[in-house]
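Participant: Can you keep this structure in mind? I'll have questions shortly.
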Amino acid sequence: MVIVHEILDLETDQGIGIYNLSPQIQGFITTSSVQNGQVLICSRHTTTALAINEYEERLVEDIKVYLHKLAPTNQRYLHNDLHLRDVPEDEPENAHSHLMAITLSSSEVVPIVAGQLALGTYQSVLLFELDGPRERTVFLQISGE
Numbered sequence: 012m013v014i015v016h017e018i019l020d021l022e023t024d025q026g027i028g029i030y031n032l033s034p035q036i037q038g039f040i041t042t043s044s045v046q047n048g049q050v051l052i053c054s055r056h057t058t059t060a061l062a063i064n065e066y067e068e069r070l071v072e073d074i075k076v077y078l079h080k081l082a083p084t085n086q087r088y089l090h091n092d093l094h095l096r097d098v099p100e101d102e103p104e105n106a107h108s109h110l111m112a113i114t115l116s117s118s119e120v121v122p123i124v125a126g127q128l129a130l131g132t133y134q135s136v137l138l139f140e141l142d143g144p145r146e147r148t149v150f151l152q153i154s155g156e
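Residue 12 is where the sequence shown starts when you use this note's numbering, and the numbers rise one by one after that.
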């Protein structure tokens, strides 16, 4: 069995952004020479999340509206009482982003079959930026043969 890992680096845009990671993940699988196994995809931040879903422009906008309804930015959150916490000067008021993240997931595992991500026809691995703009990293680990 082979186990290899990679870190994906990306810079995200302002606010909530949804990014299709499938092409980068597939590229890593191709260079790994693993034909059958699985890939673990892990978000390395508390205000990002991962999901497998359709990456379609209008659905992406619907998801953003849904997330804003779930945890509105204009609500009162204890985490945003920055004067009561020991935080850096540039700490943002981002409790809503943390709450959105915990309703999603921080990792996904996708099978690899014949050197390809074994996703359904309309499925993609999506990264949700919930507190951008930021520099983000996603950990990938492939295991298989």
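Even for Gly, the Cβ is constructed at its ideal location relative to N, Cα and C.
Since we're looking at a predicted model, the values are computed, not measured.
Mind reading off the beta-carbon distance from Phe139 to Ala82? Whole number of angstroms is fine, and I expect it under 8 angstroms.
Facilitator: Actually they do not touch by this definition, with Cβ atoms about 12 angstroms apart.
Participant: On the criterion of 16 or more Cβ atoms from any shown chain inside 10 Å, does Asp142 qualify as buried, or is it exposed?
Facilitator: By the 10 Å Cβ count, Asp142 comes out buried.
Participant: What do you reckon, are the CB atoms on Pro144 and Asp24 nearer than 8 angstroms?
Facilitator: Cβ atoms of Pro144 and Asp24: closer than 8 angstroms.
Participant: If we ignore side chains and look at the alpha-carbon of each, how far apart do Pro34 and Met111 end up?
Facilitator: In a straight line, the C-alpha of Pro34 is about 25 angstroms away from that of Met111.
Participant: Are three or more beta carbon pairs between the segment 118-136 and the segment 55-71 nearer than 8 angstroms?
Facilitator: With a cut-off of 8 angstroms, the segment 55-71 and the segment 118-136 count as touching, because enough Cβ pairs lie within range.
Participant: In chain order, what residues of the same chain have a beta carbon less than 6 angstroms from the beta carbon of Gln152, not counting five sequence neighbours either side?
Facilitator: Within the same chain, Gln152 has close Cβ partners His16, Leu51.
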